[in-house]
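Numbering (the working numbering), first residue to last: 2 to 567.
Below you'll find the structure, written out as structure tokens, and then a few comments.
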Amino acid sequence: MAYLATHGNNPPCLVKARTTKQLVVHGRPFLMLAAELQNSSLTCAEYMDTVWQKVKDMNVNTLLGCVMWEMIEPVEGQFDFSELNKVILGAREHSLHLVLLWFGSFKNGLSTYVPPWVKTDTKRFPRAKLRKAGGVLATADVLSVFNSDGAYADARAFGKLMAHLKEFDGAYATVLMVQVENEVGLLGDSRDGCAAANLSFIQAVPKDLIHFLEDEWDTLHPDLKDVLSPGRNGEKPSYSEGNWEEVFGRGPRTDELFMAYYYAKYVNKVAEAGKAIYPIPLYTNTWLNYAGDNPDNTFPVVAGGGGMPGDYPSGGPVSNVLDIWQKFAPNLDFISPDIYLNDYESTCAKYRHRNQPLFIPEQRRDEYGARRIWIAYGSYAAIGASPFGIDTVDAKDSPITKHYALLNSVSALVLEAQRNPSSSVGFCFDDPPQRAQPIVRRWGDYEITIEPSFVFGQRGPGAGMVIYRGGARFLLIGWGFQVRARSTSPRATFTGILRFEEKTVVDCGTGELKTQRRLNGDETRSGKFAIMPSEDPDYGGFPIAVTIPARTMIAELEVYALEDDE
Ligand code: DGJ
């Protein structure tokens, strides 16, 4: 295999695959079936001993968990990796991979994870100031990114961590990637109001930013263009020299641009120190902005959402400043969204900007979230999606168990599809999916329609993906849906099912399949569509047992078309 020869001895890396990149581990493309631990779980090997088997039972292959700056450098310059070593060994023993989350200077817009010697030394590590009514400045629980030793001290600690990983784990690749910081940005104000920040704010906007915006205007994300050229339909503005307000105007959006530029540079400095020593993939994650429904204020803006910069962390890599992060934090391989409240699919699309790989480090762990993972892998070539808080649910109660079991068995096929742009679609139908929009794709000479599967009573939920295998062949994976085909040839007078076969996986490593039942008759509503049934189809009182329940959840479909001779 070409990958093995080229990357077999390399640390985990991202390898270009047409319009995306895949994670390659020990020389093979690897699909992370990931899950994130609660915040403090990975700090205690003894606690983790109660977790490893539980997550294995959920078919998770990669766990995300934190490394806290306060824990590895309790005294300046003295590092302690003993507990981390134990958890790496625990993961290794259970054949699990880890993605480590560096809770350094920033975690959820705050600096609560910095060591005491950083927390208390405001001379070297000044705090950001929040501008309150009447010109009052409040001290925030977050380091200022301006004029601070923070970036240097953080970079030094992060460099030590990466050096340690290289030495302790380089030969094993237990640790696949590292997240640098966590949900960066300023909460409580749209920009830092400390003296050093104010000084930067009245300086001329750095030339590298202006040149970037001008030179790469056509490639900027539409959400950034909207900020820079509001109401002007993406028309390119022209910039003259000036300070931030002179160039971009006054208001929270300009504050956000300013913060994004300086946060990106800070995080880049930290990432650079690690990358230089042990170049495994590095990324940072995003607290997304969300101004949508919050009926009756059922949830406070605590760990997600907020409509304006400062309600959500200002300067964090939300889509309207994503380009700035991609440009000014080049030591990050990609930027990730944490998707809880926002629309899942459009967020996946946004975070594929500039063909960066999609990785979702945090998302819902319930059935609603688990179903959507298929969208990430099937339509957006995700290298991983990771439900949050996995150690506080049991495998038997978690929907992740079932979804990951199926994804694990077909992972070679999913990875292969991801290397062929637009050859697959992932989808889900919620419960009850009566009003679900059908999904339509054109592949080869056929238009394919995917919709919730037929039953006599209530349609059930569904999830899965369809992979186009060339010619008139399609691989159907999942449950609760059905597929119709229509020839796109203007001369076609009939499209039908040539062959529909239930499959199982013989070899997960290669994706080799073997045929089980030959499906026809009721299983296709007599040739109308290929049904991937629900696990528990509803007969709705109908007296004939027409629909079978889901079994292997993998099937191959071949269709054909007839054309009139005249
Ligand atoms: C988002 C953060 O990134 C996570 O670390 C975690 O705290 C969750 N929110 C839940 O609060």
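For each residue, glycine too, the CB sits at the ideal point set by N, CA and C.
ask   = Nearest-angstrom Cα distance between D537 and N521?
value = About 19 Å.
request  = Confirm, please, whether the CB-CB distance from K87 to A46 is below 9 Å.
outcome  = Taking 9 Å as the Cβ cut-off, A46 and K87 qualify as a contacting pair.
request  = Take F169 as the anchor and find which of T496, P358, G510, R93 has the nearest alpha-carbon.
outcome  = The shortest C-alpha separation from F169 is found at R93.
query = Within the present structure, is the beta-carbon of N290 separated from the nearest heavy atom of the ligand DGJ by less than 8 Å?
reply = Checking every heavy atom of the ligand DGJ against the Cβ of N290, none is found closer than 8 Å.
F457, DSSP secondary structure in three states = Correct three-state label for F457: coil.
query = Taking Cβ positions, are I401 and N11 nearer each other than 9 Å?
reply = The answer is no: Cβ separation not under 9 Å.
Cutoff 8 Å; reference M554; Cβ partners in own chain excluding five residues on either side = Here M554 has L407, G465, I478, G479, W480, M533 as same chain residues with Cβ atoms under 8 Å from its own Cβ, once five neighbours each way along the sequence are excluded.
request  = Evaluate P422 with the Cβ neighbour count: other Cβ atoms within 10 Å of its Cβ, from every protein chain shown; 16 or more gives buried, anything less gives exposed.
outcome  = Classification of P422: exposed, given that the 10 Å Cβ count is below 16.
ask   = Taking 8 Å as the line, does the beta carbon of E184 fall inside it for any heavy atom of the ligand DGJ?
value = Checking every heavy atom of the ligand DGJ against the Cβ of E184, one is found closer than 8 Å.
inquiry  = Between which residues of its own chain and P238 is the CB-CB distance below 7 Å, once the five residues before and five after are set aside?
reply    = Scanning its chain for C-beta atoms nearer than 7 Å, with the 5 sequence neighbours on each side dropped, one finds around P238 the residues L229, S230, in chain order.
Start-end ranges of the beta strand (DSSP E) lying completely within the segment 332-406, minimum 3 residues = Entirely contained in the segment 332-406, the beta strand (DSSP E) runs reaching 3 residues are, in chain order, 335-340, 360-364, 385-388.
inquiry  = Tell me the residue span of the alpha helix (DSSP H) that contains R526.
reply    = Where R526 is concerned, there is no enclosing alpha helix (DSSP H), given that its DSSP letter is neither H nor E.
ask   = Which residues share a DSSP beta bridge with S488?
value = For S488, which the question treats as bridged, DSSP gives the partners Y447.
request  = Assign S438 to one of two classes, buried (16 or more other C-beta atoms within 10 Å of its C-beta) or exposed (fewer than that).
outcome  = Per the sequence shown, the amino acid found at residue 438 is Gln instead of Ser. By the Cβ-count criterion, Q438 is exposed, with fewer than 16 other Cβ atoms from all chains shown falling within 10 Å of its own Cβ.
message = For a minimum of 4 consecutive residues, which ranges assigned as the alpha helix (DSSP H) are wholly contained in the segment 153-229?
response = As for any alpha helix (DSSP H) of minimum length 4 sitting wholly inside the segment 153-229, the runs are 196-202, 208-216, 223-229, ordered along the chain.
key: Check: D142 C-beta below 8 Å from any heavy atom of the ligand FMN   = This structure does not include the ligand FMN; its bound ligands are the ligand DGJ.
query = Does the segment 113-122 come close enough to the segment 70-78 to have 3 or more Cβ pairs within less than 8 Å?
reply = Taking 8 Å as the limit for Cβ pairs, the verdict is that the segment 70-78 does touch the segment 113-122.
query = If you measure from the CB of D219, is any heavy atom of the ligand DGJ nearer than 8 Å?
reply = Answer for D219: no, Cβ out of range of the ligand DGJ.
ask   = For the alpha helix (DSSP H) that N86 lies in, which residues bound it at each end?
value = Annotation: the continuous alpha helix (DSSP H) that includes N86 extends over 83-94.
query = In chain order, what residues of the same chain have a beta carbon less than 6 Å from the beta carbon of W218, not counting five sequence neighbours either side?
reply = Excluding sequence neighbours, W218 sits near K237.
inquiry  = Taking 9 Å as the threshold (C-beta atoms), are G445 and A418 in contact?
reply    = No, the Cβ-Cβ distance between A418 and G445 is not below 9 Å.
task = Report yes if the C-beta of F82 is less than 8 Å from at least one heavy atom of the ligand DGJ; otherwise report no.
result = Outside the cutoff, so no.
key: the segment 372-390 touching the segment 17-36, judged by at least three CB pairs closer than 8 Å   = Yes, the segment 372-390 is in contact with the segment 17-36.
request  = Return the CA-CA distance between A551 and R128, expressed in angstroms with no decimal places.
outcome  = Each residue's alpha carbon lies about 57 Å from the other.
message = Is the beta carbon of G275 closer than 9 Å to that of N290?
response = Contact flag unset, no.
ask   = Do E502 and T516 have their CB atoms nearer than 9 Å?
value = Yes; because the gap between Cβ atoms is below 9 Å, this pair is in contact.
ask   = Can we count G317 as close to the ligand DGJ, meaning its CB is less than 8 Å from some heavy atom?
value = Answer for G317: no, Cβ out of range of the ligand DGJ.
ask   = Residues bridged to S423 by DSSP?
value = Bridge pairing for S423: absent [DSSP].
ask   = Is the closest heavy atom of the ligand DGJ to the C-beta of F389 under 8 Å?
value = Within the cutoff, so yes.
request  = Identify whether D508 lies in helix, strand or coil by the three-state DSSP scheme.
outcome  = Strand.
query = Should the segment 355-370 be regarded as contacting the segment 202-213, the criterion being three or more beta carbon pairs within less than 8 Å?
reply = Touching, no, given that fewer than three Cβ pairs across the two stretches are closer than 8 Å.
ask   = Where does the unbroken beta strand (DSSP E) through A139 begin, and where does it stop?
value = 138-144 is the span of the beta strand (DSSP E), which, as asked, contains A139.
request  = Decide if V76 is buried, meaning its Cβ has at least 16 other Cβ atoms within 10 Å, or exposed.
outcome  = Under a 10 Å Cβ-count criterion, V76 is classified as exposed, with fewer than 16 other Cβ atoms of the shown protein chains found around its own Cβ.
Where T1 falls: helix, strand or coil (DSSP) = Here the chain comprises residues numbered 2 to 567, so residue 1 is not present and cannot be evaluated.
query = Along the chain, where does the alpha helix (DSSP H) that runs through V274 open and close?
reply = This sequence places Ala at residue 274; Val is not what is there. Its alpha helix (DSSP H) spans residues 253-276.
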